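One structure below.
Numbering (our numbering), first residue to last: 36 to 151.
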């Protein structure tokens, strides 16, 4: 089965739409044409280390519910302009609409519990 660029883009738009603006405390960032999007804290705690721990807790709880996420990794000492910590969410061609909807619902539920 061959998935076109347009089909993958549609899946990403679906996930982005399900997450964008619907998670209090997180914002969706990233280019619309990229197969990955990033979830960043709307407001930093003031500590990069604390921000990373909060995001990692979201990743861990999603993983325990069979939703695979990862934190974006950066070369902290080598980066000229270090981006804020974020969760990297990747859309693959194999994912169904139902799986994307389940992933979005799980991410929302977990993030709201962690960020309360």
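Ideal Cβ placement from N, Cα and C applies to all residues, glycine included.
Keep in mind that this is a model prediction, so the values were computed, not measured.
CA-to-CA distance, residue j to residue i, given in whole angstroms
{"i": "residue 63", "j": "residue 57", "result": "10 Å"}
{"i": "residue 67", "j": "residue 80", "result": "27 Å"}
{"i": "residue 60", "j": "residue 102", "result": "20 Å"}
{"i": "residue 52", "j": "residue 84", "result": "29 Å"}
Rounded Cβ spacing between residue i and residue j (contact assumed at less than 8 Å)
{"i": "residue 50", "j": "residue 135", "result": "5 Å"}
{"i": "residue 139", "j": "residue 47", "result": "Their Cβ separation, rounded to whole angstroms, is 12 Å, which puts residue 139 and residue 47 out of contact at 8 Å."}
Proximity of residue i and residue j at Cβ, strictly below 8 Å
{"i": "residue 120", "j": "residue 142", "result": "no"}
{"i": "residue 98", "j": "residue 90", "result": "no"}
{"i": "residue 122", "j": "residue 94", "result": "yes"}
{"i": "residue 70", "j": "residue 145", "result": "no"}
For residue i, three-class secondary structure by DSSP
{"i": "residue 110", "result": "coil"}
{"i": "residue 62", "result": "strand"}
{"i": "residue 72", "result": "strand"}
{"i": "residue 7", "result": "Residue 7 lies beyond the range of the chain shown here (36 to 151); nothing can be said about it."}
{"i": "residue 127", "result": "coil"}
{"i": "residue 2", "result": "There is no way to answer for residue 2, as the model of the chain reaches only from 36 to 151."}
{"i": "residue 93", "result": "helix"}
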